[in-house]
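**Student:** In this note's numbering, the protein residues as written are 31 to 542.
#1: Using a Cβ-Cβ cut-off of 6 Å (strictly less than) and excluding sequence neighbours within five positions of residue 218, which residues of its own chain qualify?
#2: Where does residue 205 fall in DSSP's three states?
#3: Can you name the residues that DSSP bridges to residue 387?
#4: Can you tell me whether residue 196 is buried or exposed, with buried defined as 16 or more other CB within 10 angstroms of its CB?
#5: Just how far apart, CA to CA, sit residue 398 and residue 458?
#6: Taking the beta strand (DSSP E) that residue 70 falls in, what are its first and last residues?
#7: Run through the region 397–421 for me and flag every whole alpha helix (DSSP H) of 4 or more residues, listed as ranges in chain order.
#8: Kindly indicate which three-state DSSP category residue 79 falls into: helix, strand or coil?
#9: From the DSSP output, read off the bridge partner residues of residue 344.
#10: Contact defined as beta carbons within less than 8 Å: I believe residue 69 pairs with residue 94. What is the distance between those atoms, to the nearest angstrom?
#11: Given a threshold of 16 other Cβ atoms within 10 Å of its Cβ, counted over all protein chains shown, does residue 119 qualify as buried or as exposed?
#12: According to DSSP, residue 436 sits in a beta bridge with which residue or residues?
#13: From the DSSP output, in three-state form, read off residue 173 for me.
#14: Does the region 296–311 come into contact with the region 82–98, if we say contact requires no fewer than three beta-carbon pairs (one atom in each stretch) closer than 8 Å?
#15: Here's the rule I'm using: 16 or more other beta-carbon atoms within 10 Å means buried, otherwise exposed. How should residue 231 be labelled?
#16: Taking 8 Å as the threshold (C-beta atoms), are residue 319 and residue 162 in contact?
#17: Count the other CB atoms, across all protein chains shown, that sit within 10 Å of the CB of residue 142; report buried if there are 16 or more and exposed otherwise.
#18: Please go through the same chain and pick out, in chain order, the residues whose beta-carbon is closer than 8 Å to the beta-carbon of residue 174, but skip the five residues on each side of it.
#19: Can you tell me the Cα-Cα spacing of residue 147 and residue 113, whole angstroms?
#20: So what's residue 457 in DSSP terms, helix, strand or just coil?
#21: Would DSSP call residue 210 helix, strand or coil?
#22: Thinking just about the alpha-carbon of each residue, which of 463, 171, 493, 515 is nearest to the one in residue 185?
#23: Please report how far the alpha carbon of residue 47 lies from the alpha carbon of residue 213, in whole angstroms.
#24: Sorted by chain position, which residues of the same chain lie with C-beta nearer than 7 Å to residue 490's C-beta, five sequence neighbours on each side aside?
This is how it looks when you write it as structure tokens:
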């Protein structure tokens, strides 16, 4: 027992060093089966993007953003029409006097004052409802997007904490083994530094991208809230000016509503792009849960293949299993050498050491399956100290008290015992990192519980924005008709119909 099998313990750390934390495993294999996306790519002259979900590919972003072309195109057409209409009206007013400006449209629209007012009220009501839906939908989508972001960030923090626990344990192992196995201690030192770099890289990645994600969530929310709020203010102002019949103010409101409508169409296209991106993201998460090693995300995540991770964990389990088995064999040998029965030896404090790994061929980690009277590996130092002959004591006194281990042998045994104990303490973290358990659980939770409401909220946001854009288009046309209708006429405040005397004069001028 004084000479535990050091090479077996060293092999554990060699496996950790050479396999689990190798930089080659930071990137997974190229996915064999993935959902191919086919969309026009404006960066390739509208040739189709034929590839999978890849947030690091500019062509993916370009093709996905291009799905909102209906909104962007409508905003462009609407803006150009507004510019042309403004130029036309300025040119017309510069060559036509107010006295002769009444047209066929103005004369015939006189018969529809009530109809135009009812149409204006209906469109205003519809626009107010749509703007309210936009505000509500943007708040819901912001909340659900934040929840999804927090889930991903939390997973990143958990991975970082697991790596930090491994670093702490391996630093302890490194100093324990330094006097007895400098080679393994040196390898542990290199591995610890690599783990530190990985931990800092993940921590910096999470911290930097957390701010970017917060901005990406907050900016669209502020844009939707601002556009919808200004829209509501303009609708109220238009209603007031509609009833006050202040022609210059109505023209000013029409110009503002025209600009706002163009912005609404831009957001409509942007919302459709967000909806498509959410569909791609959730579909990829769902595919990852089903096929974690043949997926578009495999090239971005530190997950090794299932076969390789099982092989690594089996070798580590086998090594520790053999090491504890040899310790138990030494206990039996000591019993035989000292001529003690197993019962008498147990009275001295020795029992079989708990082996938390099952036997061949899997060597699964099952700490709960140890016998009730088995000694946990963490209790070995207490037992060894009972049989250690320290240097301040004489050899004869030690032998009389049954202390047959030299202090040097005891220290070496304690070093290896503490090392194995530290390895077992962090084995669940090691297993989780090797099998990518935290990543799989996170994506599974998102795909099962968050994706459906997340996609629904963005779809609702797009539909609300589309409704607001359409209602504003028809409302602007209605306001233009009203502006034509009230030119050259006198209205009483809050009156729908013009004063009769003024109306007759206008009709007479047009007849002449």
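Note that the Cβ used here is the ideal one computed from N, Cα and C, for glycine as well.
**Tutor:** Answer, in terms of the structure:
#1: 43, 200, 203, 204
#2: helix
#3: 395
#4: buried
#5: 13 Å
#6: 67–71
#7: 410–416
#8: strand
#9: Answer is none; residue 344 lacks a bridge partner.
#10: 7 Å
#11: exposed
#12: 419
#13: helix
#14: yes
#15: exposed
#16: no
#17: exposed
#18: 480, 483, 484, 487
#19: 27 Å
#20: helix
#21: coil
#22: 463
#23: For residue 47, the predicted model reports a pLDDT of 41, less than 50, meaning its position is unreliable and no value from the coordinates is stated.
#24: 167
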